[in-house]
Structure formats: structure tokens, C-alpha cells
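To get the numbering used here, take the position in the sequence shown, counting from 1, and add 3.
Each residue gets a CB set at the ideal place from its N, CA and C atoms; glycine is no exception.
Working notes, beginning with the structure itself.
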Amino acid sequence: MPYSINKTGIFALALLAAIVATLCDANHVFTQTLSYPHPLLFQQAWWVFPAFFIAFLFMAINYLYVSRILNQKLDIKLSTAHGSWRSLFEDLTAFSCAYLLSGFGNFHPVLLCFILYLTFIIRLSFTYERAWLCILAILLAIGGMFFEGLLAEFGLVKYRHADIFNVPYWLGGVYMHGAFALRSGMRALVYKSA
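Right, here's the structure in full:
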């Protein structure tokens, strides 16, 4: 295998993603997309940043695990090879735009669903190793919506508009756009040339 794993890169990716997600979550609070019952700073709960860090750490570790399992069944050579910072920047920017749009568009949830899922399908049609990215996006959407639904179930967060298990349908679209950023982040920070 011409590539090795940079374990420090997993933590760097989780930290970078947690910073971006925490800032985007602050936009969700500002646009009243969601609220926390016991806010501490910028109307966010104290645990938001640590929870994002742990979540992205979990996603990166599972990316490694699931890609090893599916390596024999899918062509995922590029998705497990060293990549560029430029791709990471582009995909992280697109993810941030989808996240920020969800804050400003939450008053129109049906339209927001349409925009997020349609743009995901368009982006998917122009990317490489589509089957792998589609699997990754679906896993992130289901896992993310379930986890956030649990947080809401325990009264730690409340979405203004909830469709399924305490969260809006459009939330899965944000996570699906995050799959591109996760793959680029893994390639730029975790998979290194041997």
C-alpha cells in the first residue's frame, strides 16, 4: 500500500471540523433554527464544541474502518489516498455554505430540503468514486440525524421545526454535503504518502 495513516491527522481533522461546525451552529442559534435550554456562550451550550470534536473524531475513525471493509467490494483507491489542501478547502467551504444556508432557510423547510438534496445529487454526479461517497453520505445523514434526535430527546437542544425524531428532514442534507468534506479531510490530513 503506497499510503500510510497519520494518526495525528485524525485529531487535526476533528479539531478543524469542530471549529467550523461550532461557528455554523452559532448561525443556527442566531437564525433561531435551534436553541439550547442552558446556553453559556453566544447562546450555545458549553458542550457544543466538545461534542462536535468527538463526533468528527468518531466519523474519521469509522471512515478508516468502513473503507477497509469495503475496499474489496468498491473502487475507493482515490478516497483512501493522499489528497490536497485545495480540495479540502473547497469541500469545507461547500459544506459551510450548506450549513449556513440551512440556518437562513429554516423558515422554508420544504424548499430547503429540495435545495440541499438536489445540490448533493448534482455534486455526487460530478465526483469520483460515487458509490463510496453515497454510502458515506447516507451513513452520516442517518447517524447525524439520530444523534441529534437523541440530544433533543434528552432536552439538550430543540429545533424550531422537527419532522422526524425531533429533527428536520433537511438536516440529513447538511450531513450529506459533509461527506465530501470528510473525504477531502481524510485525504489531506490522515492519508499520507508512504
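Buried versus exposed, by CB contacts within 10 Å (16 or more), residue i
i      : result
Ile79  : buried
Met4   : Bear in mind that a pLDDT of 43 at Met4, under 50, signals an unreliable position, so the number given afterwards is only what the model happens to contain. By the 10 Å Cβ count, Met4 comes out exposed.
Val51  : buried
Ile13  : buried
Ser7   : exposed
Tyr194 : buried
Chain-order list of residues whose beta-carbon lies under 7 Å from that of residue i (same chain, five-residue window excluded)
i      : result
Leu103 : Cys27, Asn30
Trp173 : Ser105, Pro112, Leu115, Cys116, Leu119
Cβ neighbours of residue i in the same chain (closer than 6 Å, five flanking residues each side left out)
i      : result
Ser90  : Ser187
Gln280 : Residue 280 cannot be examined here, being either before or after the span of the chain that is shown, 4 to 197.
Ala140 : Met179, Ala182
Endpoints, alpha helix (DSSP H) assigned at residue i
i     : result
Lys10 : 10-33
Ser82 : Premise fails: Ser82 is in no alpha helix (DSSP H) and is neither H nor E.
Straight-line Cα distance separating residue j from residue i
i      : j      : result
Phe55  : Gly147 : 11 Å
Val160 : Tyr39  : 5 Å
Limits of the unbroken beta strand (DSSP E) element including residue i
i      : result
Ser128 : Premise fails: Ser128 lies in the alpha helix (DSSP H), 112-128, not in any beta strand (DSSP E).
Please determine if the stretch 183-195 and the stretch 83-90 are in contact, where contact requires at least 3 C-beta pairs separated by less than 8 Å. yes
Tell me, please, whether the stretch 109-126 touches the stretch 46-66 by the rule of three or more beta-carbon pairs shorter than 8 Å. no
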